[in-house]
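In UniProt numbering, the protein residues as written are 1 to 459. C-beta: ideal position from N, C-alpha, C; glycine also. Note that this is a predicted model, so its numbers are computed, not measured. Below is one structure, written out as structure tokens; comments come after it.
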């Protein structure tokens, strides 16, 4: 049975409704091919807020930049992340990525200065040291014809860079591995619970928490040990643990206790892991499919970087490379869907959305709207020339969210990607294994459905 569209009366404008299948509605499509669903619906009803039937739940799909702006800029007063994040809150605690209200405001005010451009730039040396180790490890495979699973390689690289920026470069390899493995096990177990939690009562899903009990215990042992060592050393090293130890609440003058430190550090790690890793995967895919763009980007990297060490100032000069990364995040944004709940009745451009409603913002659909993008289906870095950026609505592009809750680590994420890309393309060129197919799988994050196997060609 095909999805059908009817009209629902409201106080003002009327919502198109995608009914989907009997009983389950569009839920099977959301879980298996959600990106195709939201793009199809947004093209079918341009500029409108559409209702998606999803099992017992009614979902309001919002994709127009003006409507997205309303939700994100009123996120503290009118909208919330809602109960779907409860599984992560129970495991990771109330850090900046999971908390709301006064708890979130306290976290944000303490963390904001730590994410300054100056601080992030000071991390480039330690980040490049970690990336250099991984590039050297891959060097024997260059030109061999042997393929690597780029999913695994990017995950390892991003994990190690994150641990170094959070805890310092001197963390023993075994502890780095323990942190990464524990968090990955927790995320893998929690993703299904988070997705089902959008449309099913949460009491039915709580037994799934048992799956993450042991990895949480292992994670806590390592994190609290690192915190104790940092407190004892009283180091002023350039890493987030040291910075958080010196941070003070502007109202009370108090610092963070060990539990709060643990929550904030894990929150930053989780927020940066999948998003950066997946963004890099999609970038390598796009470069493989667009050799002329790949060549132009490499020429810029060679001209800017030369043979000397990488610095923050040099990364800032990679303007075309940054456009390539931005375009990759436009076509295949890791956060393809952002759920929100309405705290109260909301009227958006004449559409009345009741309190306690589930809302989906979809960067994937918005980023492909032909009204705002010159070549929406193509890979076209020139979408991000200063002139084109200035001509678009602010929320035609929002891979890092927006409003008060915009990703605090936006500059860190871009620095991380620029650094990894620059250091890798100087040494080799990743190419998809012949016969490979790459298919996006929309789950909590937009990841490749299968392993992305690539060979490393000589420059």
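Nearest residue (CA-CA) to residue i, options the options
{"i": "residue 66", "options": "136, 303, 38 and 398", "result": "398"}
{"i": "residue 323", "options": "379, 306, 93 and 36", "result": "379"}
{"i": "residue 260", "options": "245, 293, 218 and 82", "result": "245"}
{"i": "residue 389", "options": "374, 403 and 452", "result": "374"}
{"i": "residue 130", "options": "310, 107, 45 and 23", "result": "310"}
{"i": "residue 80", "options": "452, 342 and 299", "result": "342"}
{"i": "residue 188", "options": "216, 381, 19 and 367", "result": "216"}
{"i": "residue 298", "options": "423, 141, 432 and 157", "result": "423"}
{"i": "residue 332", "options": "21, 35 and 24", "result": "35"}
{"i": "residue 369", "options": "20, 300 and 45", "result": "45"}
{"i": "residue 218", "options": "179, 211 and 248", "result": "179"}
{"i": "residue 428", "options": "63, 85, 19 and 295", "result": "295"}
{"i": "residue 465", "options": "18, 412 and 41", "result": "A query on residue 465 cannot be resolved here, the shown segment of the chain reaching from 1 to 459 and no further."}
{"i": "residue 339", "options": "24, 83, 33 and 19", "result": "83"}
{"i": "residue 100", "options": "113, 85 and 114", "result": "85"}
{"i": "residue 92", "options": "184, 412, 393 and 291", "result": "184"}
{"i": "residue 241", "options": "371, 114 and 24", "result": "114"}
{"i": "residue 98", "options": "54, 412 and 407", "result": "407"}
{"i": "residue 456", "options": "25, 31 and 135", "result": "135"}
{"i": "residue 70", "options": "90, 89 and 49", "result": "49"}
{"i": "residue 27", "options": "54, 413, 43 and 33", "result": "54"}
Spatial distance of residue i from residue j (CA atoms)
{"i": "residue 462", "j": "residue 272", "result": "Outside the modelled stretch of the chain, which goes from 1 to 459, sits residue 462, for which no answer is possible."}
{"i": "residue 29", "j": "residue 56", "result": "15 Å"}
{"i": "residue 447", "j": "residue 277", "result": "9 Å"}
{"i": "residue 6", "j": "residue 47", "result": "Residue placement at residue 6 is flagged as unreliable, the pLDDT there being 39, under the threshold of 50; the coordinate-derived value follows with that caveat. C-alpha separation (whole angstroms): 17 Å."}
{"i": "residue 279", "j": "residue 329", "result": "6 Å"}
{"i": "residue 404", "j": "residue 186", "result": "28 Å"}
{"i": "residue 255", "j": "residue 357", "result": "37 Å"}
{"i": "residue 234", "j": "residue 415", "result": "27 Å"}
{"i": "residue 111", "j": "residue 434", "result": "45 Å"}
{"i": "residue 213", "j": "residue 61", "result": "34 Å"}
{"i": "residue 16", "j": "residue 145", "result": "52 Å"}
{"i": "residue 3", "j": "residue 441", "result": "Interpretation of residue 3 is limited by its pLDDT of 39, a score under 50 that renders its predicted location unreliable; the figure taken from the coordinates is listed afterwards. Approximately 21 Å, taken between the alpha carbons."}
{"i": "residue 401", "j": "residue 72", "result": "7 Å"}
{"i": "residue 128", "j": "residue 444", "result": "29 Å"}
{"i": "residue 119", "j": "residue 336", "result": "29 Å"}
{"i": "residue 11", "j": "residue 87", "result": "In this predicted model, residue 11 has a pLDDT of only 49, less than 50, meaning its place in the structure is not dependable enough to derive any value."}
{"i": "residue 174", "j": "residue 376", "result": "44 Å"}
{"i": "residue 302", "j": "residue 459", "result": "11 Å"}
{"i": "residue 450", "j": "residue 232", "result": "45 Å"}
{"i": "residue 396", "j": "residue 382", "result": "15 Å"}
{"i": "residue 307", "j": "residue 162", "result": "26 Å"}
{"i": "residue 409", "j": "residue 249", "result": "20 Å"}
{"i": "residue 133", "j": "residue 147", "result": "19 Å"}
{"i": "residue 363", "j": "residue 18", "result": "19 Å"}
{"i": "residue 139", "j": "residue 348", "result": "54 Å"}
{"i": "residue 371", "j": "residue 420", "result": "33 Å"}
For residue i, three-class secondary structure by DSSP
{"i": "residue 16", "result": "strand"}
{"i": "residue 79", "result": "strand"}
{"i": "residue 143", "result": "coil"}
{"i": "residue 454", "result": "strand"}
{"i": "residue 317", "result": "coil"}
{"i": "residue 459", "result": "coil"}
{"i": "residue 293", "result": "helix"}
{"i": "residue 445", "result": "coil"}
{"i": "residue 268", "result": "helix"}
{"i": "residue 461", "result": "Residue coverage of the chain in this structure runs from 1 to 459, which leaves residue 461 outside it and unanswerable."}
{"i": "residue 306", "result": "coil"}
{"i": "residue 32", "result": "helix"}
{"i": "residue 334", "result": "coil"}
6 Å CB neighbourhood of residue i in its chain, flanking five on each side removed
{"i": "residue 168", "result": "237 and 239"}
{"i": "residue 104", "result": "none"}
{"i": "residue 155", "result": "277"}
{"i": "residue 121", "result": "312"}
Close Cβ partners of residue i (< 7 Å) along its chain, the five nearest in sequence each way excluded
{"i": "residue 284", "result": "150, 430 and 454"}
{"i": "residue 13", "result": "350 and 351"}
{"i": "residue 95", "result": "107, 263, 264, 266 and 267"}
{"i": "residue 78", "result": "342, 343, 344 and 346"}
{"i": "residue 258", "result": "224 and 227"}
{"i": "residue 327", "result": "379, 380, 381, 383 and 384"}
{"i": "residue 141", "result": "148 and 456"}
Interface flag, residue i vs chain D, CB-CB below 7 Å
{"i": "residue 442", "result": "This model lacks chain D altogether; it includes just one protein chain."}
Cutoff 8 Å; reference residue i; Cβ partners in own chain excluding five residues on either side
{"i": "residue 418", "result": "315, 318, 321, 322 and 325"}
{"i": "residue 126", "result": "164, 165, 168, 169, 238 and 239"}
{"i": "residue 452", "result": "149, 150, 151, 281, 284, 285, 432, 436 and 438"}
{"i": "residue 58", "result": "51, 52, 357 and 358"}
{"i": "residue 288", "result": "294, 430, 431, 432 and 454"}
{"i": "residue 160", "result": "130, 133, 134, 176 and 180"}
Distance cut-off 6 Å: residue i Cβ against heavy atoms of the ligand SAM
{"i": "residue 51", "result": "With respect to the ligand SAM, the structure offers nothing, as it holds no ligand at all."}
Check your understanding: For the segment 339-422, which segments carrying the alpha helix (DSSP H) assignment without a break, of at least 4 residues, lie completely within its bounds, in sequence order?
Key -> 363-366 and 386-391
Practice item. Only counting runs of 4 or more residues, tell me where the alpha helix (DSSP H) segments fall wholly within the segment 210-250, in order along the chain. Key: 213-233 and 240-246
Point to revise | Any beta strand (DSSP E) of 3 or more consecutive residues that is wholly inside the segment 124-186 | key: Listed in chain order, the beta strand (DSSP E) elements of length 3 or more contained wholly in the segment 124-186 are 147-149.
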